[in-house]
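Right, one structure below, let's go through it.
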């Protein structure tokens with residue numbers, strides 16, 4: 001599998017894992033054409049509580065580990081679960097509580113990215 005296919009498989013698994021735990025407002029930001037970006041892709045979503053945010057992060061890690069045999073390079077924010085970052089180097093997952101996401105307005109910050117909205121399945 002080439003790098004592009006591997007990255008797409010990772011993104012698909014992450015989205016699937018987020019949908020399993022009913023993440024809201026899932027968006028994929030393609031940052032590959034943005035100079036000096038920290039990753040090629042961001043997957044961003046919201047949860048309603050720190051319990052759900054923690055469950056979303058856990059679901060991503062478990063599904064990616066079980067299905068793709070991959071582990072995150074780094075996880076941040078799991079202690080208070082207001083904003084958890086799961087870093088797979090080329091793909092970084094940001095899981096926010098709604099108010100925190102609105103406060104940081106990441107969509108505006110990365111406005112130059114190609115953004116794909118994932119429709120909720122529930």
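Residue numbers (full-length UniProt numbering): 1 to 122.
Note that beta-carbon positions come from the ideal geometry of N, C-alpha and C, so glycine has one too.
For residue i, name the three-state secondary structure that DSSP assigns.
i           : result
residue 58  : helix
residue 105 : coil
residue 67  : helix
Can you tell me the Cα-Cα spacing of residue i and residue j, whole angstroms?
i           : j           : result
residue 97  : residue 5   : 30 Å
residue 54  : residue 71  : 17 Å
residue 34  : residue 28  : 14 Å
residue 95  : residue 8   : 19 Å
residue 36  : residue 76  : 21 Å
residue 69  : residue 108 : 33 Å
residue 83  : residue 18  : 14 Å
residue 81  : residue 3   : 31 Å
residue 116 : residue 45  : 12 Å
residue 78  : residue 12  : 22 Å
Which residues share a DSSP beta bridge with residue i?
i           : result
residue 117 : 27
residue 85  : 76, 94
Looking only at its own chain, which residues have a Cβ that is under 7 Å from the Cβ of residue i, when we skip the five neighbours before and after it?
i           : result
residue 32  : 40
residue 16  : 63
residue 113 : 29, 30, 31, 34
Quick one: residues in its chain with C-beta nearer than 6 Å to the C-beta of residue i, no 5 flanking neighbours on either side, listed in chain order?
i          : result
residue 93 : 14, 43, 60, 86
residue 66 : none
Excluding five sequence neighbours on each side, which residues of the same chain lie with their C-beta closer than 8 Å to the C-beta of residue i?
i          : result
residue 48 : 24, 97, 98
residue 73 : 87, 88, 89
- prompt: Quick one: complete beta strand (DSSP E) runs, 3+ long, within the stretch 2-53?
  reply: 24-30, 41-47
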